[in-house]
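Numbering (our numbering), first residue to last: 29 to 579.
Ideal Cβ positions, reconstructed from N, Cα and C, are used throughout, including at glycine.
Printed below as a string of structure tokens:
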């Protein structure tokens with residue numbers, strides 16, 4: 029009998045009267061003083077990130093207080109690692125960090141280009157507004173210019189389909205490492221463009237590619253208190269049981285039988301339900317923290333019929349059943365050991381859950397795959413067919429795991445960043461196509477900006493600043509290669525549309541034929557982010573900081 033689980037009690041909370049606290053005083057700067065301080069922070073962060081740009085960009089070493097220094101060429105990693113002593117300067121740095129983070133979240137790559145563009149717009153924008161330009165009209169001009177640039181990028185976009193093109197995109201994003209590009213291309217060819225590919229630390233000197241039967245869905249842990257590893261904010265289990273429920277679970281009593289079974293078998297438990305809330309969630313968290321209970325609760329993916337079908341897919345793949353269905357044939361409190369699914373490994377983050385090597389019978393999985401294919405043929409809805417295709421890919425293609433090798437933790441960490449960037453860029457390219465790389469695509473947007481209609485001079489200034497900023501990525505790549513950036517930009521503008529500067533070989537080539545390409549999504553997302561961020565940045569000129577309370 030599991031004594032620690034037989035009576036889950038909530039901690040007693042007594043009423044305490046709290047004396048009102050006086051708020052911290054704030055340091056306030058206005059106008060030019062605030063702009064000048066923030067611009068210094070923008071420059072410091074952008075300078076640190078810009079040196080990594082292009083095939084001849086440099087690495088950056090980031091100090092860590094608890095482990096070895098990190099060597100990286102990843103823009104967002106460099107940006108996150110910068111914290112300035114001067115708090116007003118730090119505000120400026122944080123504004124650019126937001127741009128890099130947002131671009132990374134939406135497009136998965138392109139953070140260095142985003143940072144360079146953000147600095148170009150902010151620096152010139154600060155100067156113009158200091159001289160009397162209306163910030164509201166300036167913002168409207170910037171937004172109009174960005175809209176025109178995004179439309180032109182989509183017009184220039186070219187779809188990709190072959191493994192060779194996939195390898196080219198991955199190679200460019202991995203800073204020219206063709207071995208990374210080839211490995212990602214092989215993985216994507218095997219699991220499909222919508223398949224699951226994960227990157228993890230390896231145990232050898234060489235990079236390895238392993239294919240594992242597994243399912244991944246976009247729902248993470250319900251509470252961060254379920255995290256059980258120091259290697260990132262995630263929960264990892266080996267040889268775990270899985271309980272599936274279509275209904276919400278809010279009573280700990282209904283979960284006790286499943287928890288007892290797992291405790292007897294000394295196995296962790298993953299709970300996948302519509303939701304786990306109230307008393308049930310509180311008790312699970314308290315016992316996880318105080319007693320080390322190996323459990324993690326995850327919300328079921330999707331909605332309505334799609335959620336039901338996905339839960340049944342996962343149950344079949346893991347050899348379990350779904351509790352709480354419409355007929356209510358299976359109740360959670362009546363669970364038996366054979367009702368629980370089994371997986372060899374479970375990895376849950378705040379955003380997704382990966383169940384690998386389910387113990388479901390192959391015959392049952394094959395039967396389910398055949399059923400989904402039959403339903404796809406009978407369906408007239410494109411939306412339903414798309415969802416069925418996603419389910420089919422998860423059931424049939426499995427998961428590709430790239431194990432990054434190296435001779436030290438520093439080397440593995442640096443290479444892992446490049447794999448992640450390359451993988452994100454490849455997915456973006458498959459989704460929305462590619463454009464010429466090396467900053468060429470942004471340069472080709474300059475002529476269309478000259479046709480943007482402006483209502484006043486302040487809007488024209490906004491358009492002109494975006495026009496000038498679009499040349500900074502190509503300029504920076506050339507400068508990092510040791511050549512005159514202005515000369516390179518002028519030369520590219522005089523050439524045909526796909527021609528650009530190959531910084532690695534110091535020559536001008538057709539960028540598409542040479543495999544120097546960028547995902548369209550990355551370029552357009554960078555531009556969209558500049559528009560959204562400028563809405564507030566160019567109109568706020570008051571900086572406030574909390575002062576430290578005197579001892």
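Return the chain-ordered list of same chain residues with a C-beta closer than 6 Å to the C-beta of residue i, the five sequence neighbours on each side being excluded.
i	result
residue 251	313
residue 349	343, 358, 367
residue 306	278
residue 280	36, 307, 308, 311
residue 504	78, 81, 144
residue 572	Low local confidence applies: a pLDDT of 46 at residue 572 is under 50, so the model's placement there is unreliable, and no value is given.
residue 234	433
residue 89	97, 99
residue 486	161, 162, 165, 166
residue 106	76, 77, 88
residue 516	506, 529
residue 201	137, 449, 450, 453
residue 442	99, 100
residue 337	none
Is it true that the CB of residue j sits closer than 8 Å to the CB of residue i?
i	j	result
residue 531	residue 497	no
residue 309	residue 286	no
residue 428	residue 223	yes
residue 423	residue 387	no
residue 154	residue 67	yes
residue 184	residue 550	no
residue 382	residue 244	yes
residue 527	residue 538	yes
residue 369	residue 168	no
residue 469	residue 181	yes
residue 298	residue 374	yes
residue 351	residue 273	yes
residue 547	residue 460	yes
residue 271	residue 178	no
residue 463	residue 221	no
residue 282	residue 361	yes
residue 284	residue 430	no
For residue i, which residues from the same chain have a beta carbon less than 7 Å from its beta carbon, with the 5 sequence-adjacent residues on both sides left out?
i	result
residue 69	112, 117, 118, 119, 120, 121
residue 276	301, 302, 303, 305
residue 480	172, 173, 176, 491
residue 484	165
residue 129	104
residue 83	203, 204, 531, 532
residue 558	Confidence at residue 558 is low in this model, with a pLDDT of 49, below 50, so the placement of that residue should be treated as unreliable; the coordinate-derived value is given next. 145, 146, 149, 174.
Among all the DSSP beta bridges, which residues are the ones paired with residue i?
i	result
residue 327	301
residue 610	Since the first residue shown for the chain is 29 and the last is 579, residue 610 is missing from the structure and cannot be characterised.
residue 529	536
residue 227	430
residue 387	Paired residue(s): none; residue 387 is not in a bridge.
residue 348	None; residue 348 has no bridge partner.
residue 88	100
residue 273	301, 351
residue 243	383
With residue i and residue j assumed to form a contact (beta carbons below 8 Å), what rounded beta-carbon distance in angstroms separates them?
i	j	result
residue 65	residue 114	7 Å
residue 92	residue 437	Their Cβ separation, rounded to whole angstroms, is 11 Å, which puts residue 92 and residue 437 out of contact at 8 Å.
residue 316	residue 269	Between residue 269 and residue 316 the Cβ distance is about 16 Å, and since that is not below 8 Å, they are no contact.
residue 216	residue 225	7 Å
residue 85	residue 139	Between residue 139 and residue 85 the Cβ distance is about 13 Å, and since that is not below 8 Å, they are no contact.
residue 345	residue 393	6 Å
residue 465	residue 529	With 8 Å as the limit, residue 465 and residue 529 do not qualify as a contact, their Cβ atoms being about 10 Å apart.
residue 334	residue 415	6 Å
Ignore the nearest five residues each way along the sequence and tell me which others in residue i's own chain have a CB closer than 8 Å to its CB.
i	result
residue 440	229, 230, 432, 433, 434
residue 495	173, 474, 477, 478
residue 152	493, 496, 497
residue 318	none
residue 507	513
residue 581	No statement about residue 581 is possible, as the shown extent of the chain runs from 29 to 579 and does not include it.
residue 562	Bear in mind that a pLDDT of 47 at residue 562, under 50, signals an unreliable position, so the model cannot answer this.
residue 385	240, 241, 242, 371, 372, 373
residue 499	467, 470, 471, 474, 517
residue 74	124, 143, 144, 146, 147
Considering only heavy atoms of the ligand FMN, does any lie closer than 7 Å to the CB of residue i?
i	result
residue 118	The ligand FMN is not part of the structure shown, which contains no ligands of any sort.
(request) Tell me, please, whether the region 204–213 touches the region 445–452 by the rule of three or more beta-carbon pairs shorter than 8 Å. (result) yes
(request) Assess, as a yes-or-no matter, whether the region 371–378 is touched by the region 253–269 under the definition of 3 or more beta carbon pairs within less than 8 Å. (result) yes
(message) Check whether the region 403–420 and the region 227–238 touch, using three or more Cβ-Cβ pairs below 8 Å as the test.
(response) no
(request) Mind the definition here: the region 188–199 touches the region 531–547 only if three or more C-beta pairs lie below 8 Å; say whether that holds. (result) yes
(request) Please determine if the region 296–303 and the region 398–418 are in contact, where contact requires at least 3 C-beta pairs separated by less than 8 Å. (result) no
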